[in-house]
Structures are given as C-alpha cells and as structure tokens.
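Numbering (this note's numbering), first residue to last: 331 to 558.
All C-beta atoms in this analysis are idealised placements derived from N, C-alpha and C, irrespective of residue type, glycine included.
Here the structure is a predicted model, which means the values were calculated and not measured.
The block underneath contains the structure these notes are about, expressed in structure tokens.
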C-alpha cells in the first residue's frame, strides 16, 4: 500500500487496518483502501469496477452511501496481484440495533438512487448459486465432513429452486444489508460494501430485518411500512 500511496502522490502514509473480512480494509490518511486478494485478479477487477461505478452513481445523487475517492481516482488498481479501490474516509461508529430505523430509511434512499443506475447488475440469486458450487467443492470445504458438505449443498440448491424468479418485479438492490455494512456518521447512517449490488425482489434486502428497520419515517410525521 505504501507503493500505491507513493505512486498516487499521497506522500508518506502509514496504513492502518480497519477491517479484516473478505476484503482487507486499510486507512491511508484521508482515504480508505479496500484490498481484494482472495479472488482471481480479472474477476476481482470486474467486480470492484462495478462497485465503484455504483458508488459514483450514488454519490452523484447524494444517496447515504460511502463515497468513492475522486482525487486520486477511485480505481481499481492492481498492486502485487491484489486489486485495490480507494474511498473517502468517513468518521463513524459501528451501527447497532438502535440504528435500525435510521438505517432502513437510508436504505430506502439508496434504493431510490439505484433505480436510475445504468450499471448492469447481476441477479440476486447469483450469490446463492455460488454458495451451491462452493458447497460441492471438496477442496474449498476440506475441513467439513463429506456428509455435512453434501447436506449443505442439497439445502442450498433446494433454496435456490424456491427463490422467486420474476424479473418484472425486480429492482436494483444493495444486496448485503446487515447492520455491519452501516456506518453511523455525524449526519446519519450511510451504507457501505456495495460490491453485492444486484437486481432482485425488494424482499431480498429486507429479509430477517427487525420491525424497527422495516418501519421508516415518511416526509411527514407518520410512519409507513416498506411494503405500503
């Protein structure tokens, strides 16, 4: 990361780890770097480029989502076989259930902005199909007992068959709407981790959410349900 920072004219920065998950997230001064090293570079580049494009669209519409870097450009960049995107750092705290209502309202704004996004988004079922393939992969799940892996694969495939397939009802979605992807800033919650953006039924973004999340304030003083 120091080499990328120098290449982009950021000067001497000391990378600080913010999060270790599917991506490694690092702070580089006023910027945040999301680093993908666990996926083949060509695939990671395509996925990250789509995420950045979605983020720019949301930024242009002032939606409550993380902001991609503008100067230097958000990327993606390839550094030593890793794919990196750059984002503006947002001072925040982690969200918890107290923030569910505000997070739900912010998600409604994100959905409204995504409705005009021209980026081609994958179907929501793609991630489940990938899980089915993973469950069938003996090398990818070598620590699991064969009978457990077979049961998991069967359950995932059965779930995939029951998932609604009516594209006429589909909308553009965030795709990964747990509260761990919400950052609570001084101006309210914003949504992060946009790589799972997809098209599907609204329920995909709302499933397993608390009542506080599903009821959100309207422009007046009353509350209304997502489905109303």
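Item, Value
"Simplified DSSP assignment, three categories, for residue 397", "coil"
"Nearest-angstrom Cα separation, counted from residue 432 out to residue 377", "28 Å"
"Residue 404 classed as buried or exposed, judged by whether at least 16 other C-beta atoms fall within 10 angstroms", "buried"
"Separation of residue 486 from residue 514, as counted between CA atoms", "33 Å"
"Minimum C-alpha distance to residue 360 - residue among 398, 539 and 354", "398"
"Residues bridged to residue 569 (per DSSP)", "The structure shown has nothing for residue 569, since the chain only spans 331 to 558."
"Residue 566 versus residue 521 - alpha carbon distance", "The question about residue 566 has no answer here: the residues shown for the chain are numbered 331 through 558."
"Contacting residues, own chain, Cβ-Cβ under 6 Å from residue 574 (five flanking each side not counted)", "Because the chain is modelled from 331 through 558, residue 574 falls outside the range shown and cannot be assessed."
"Segment contact, 8 Å Cβ cut-off, at least three pairs: the region 362 to 380 with the region 347 to 354", "yes"
"Buried or exposed by the 16-neighbour rule on C-beta atoms within 10 Å, applied to residue 540", "exposed"
"Beta carbon of residue 439 nearer than 9 Å to that of residue 380", "no"
"For residue 415, the three-state DSSP class (helix, strand or coil)", "strand"
"Exposure label - residue 434; buried when at least 16 CB within 10 Å", "buried"
"Three or more C-beta pairs below 8 Å linking the region 462 to 471 and the region 480 to 497", "yes"
"Pairwise C-alpha distance: residue 441 and residue 548", "At residue 548, the pLDDT of 49 sits below 50, so the modelled position is not reliable and the matter cannot be decided from this model."
"Helix, strand or coil at residue 384 according to DSSP, with G and I counted as helix", "helix"
"Where residue 550 falls, given that 16 or more other Cβ within 10 Å makes a residue buried", "At residue 550 the pLDDT is 44, less than 50, meaning the model places this residue with poor confidence and gives no usable figure here."
"Rounded separation between residue 491 and residue 501 - CA only", "20 Å"
"Own chain partners of residue 558 with C-beta closer than 7 Å, once the 5 adjacent residues on each side are dropped", "For residue 558, the predicted model reports a pLDDT of 46, less than 50, meaning its position is unreliable; a value from the coordinates is still stated below. Once the five neighbours on either side are set aside, residue 558 has no close Cβ partner at all."
"Limits of the unbroken beta strand (DSSP E) element including residue 348", "346 to 350"
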